[in-house]
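**Student:** Dropping the structure in here first, questions after.
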Amino acid sequence: MKEVKKVNLLQLFEAHAELCKSLSNPKRLMIIAMLTEGEASVTEISKTIDARPSTVSQHLALLRSHNLVSTRKEGKTIYYSLSDKRLGDACNLIRQILYEIMKKHGNFAKEMSLESNFLCFKVKK
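Shown next as structure tokens:
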């Protein structure tokens with residue numbers, strides 16, 4: 001019976017690693033941070049994170065294939081949102097930890113404040 005639990009635990013950590021891999025791109029992390037503030041279209045996302053709409057669409061397709069974002073269609077526009085708000089919370093927590101580590105070791109975070117756009121995005125419409 002312990003063997004079954006070990007296999008299930010290994011499968012869980014493999015899935016966890018795959019999830020982390022899907023987030024291992026700065027632009028995708030920016031998209032997640034932006035969607036934490038609410039839903040947005042490809043056009044809004046591309047303006048906010050300074051990326052081509054085709055690039056944003058590719059990132060969103062990958063995030064959608066991992067069930068991390070959901071879509072809602074209104075007319076011809078597709079709006080994207082986080083499938084689970086906790087994903088944004090988890091990414092924000094990691095950024096806060098990173099900020100504290102960088103601040104402690106004298107990296108660029110000294111000049112940043114937590115109120116800056118380091119931790120959140122405002123949608124450019």
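Counting from 1, one number per residue, gives the positions in the sequence shown under UniProt numbering. The beta carbon of each residue, even a glycine, is placed where N, CA and C say it ideally should be. On a predicted model such as this, the values are computed, not experimentally measured, just so you know.
Using a threshold of 8 Å, state whether the C-beta atoms of Ala51 and Lys27 are closer than that.
**Tutor:** In this structure, Lys27 lies closer than 8 Å to Ala51 by Cβ.
**Student:** Quick test of your reading: Val69 and Leu63, contact by CB under 8 Å. State the CB separation rounded to the nearest angstrom.
**Tutor:** Rounded, the Cβ-Cβ distance is 5 Å, consistent with contact.
**Student:** Just curious, the alpha helix (DSSP H) that Arg86 is in, first and last residue?
**Tutor:** Unbroken alpha helix (DSSP H) run through Arg86: Lys85 to Lys104.
**Student:** Is the beta carbon of Leu87 less than 8 Å from the beta carbon of Ile32?
**Tutor:** Yes, the pair counts as a contact, with Cβ atoms nearer than the cut-off.
**Student:** Can you give me the C-alpha to C-alpha distance between Gln96 and Ala61, rounded to a whole angstrom?
**Tutor:** Rounded to the nearest angstrom, the two C-alpha atoms are 27 Å apart.
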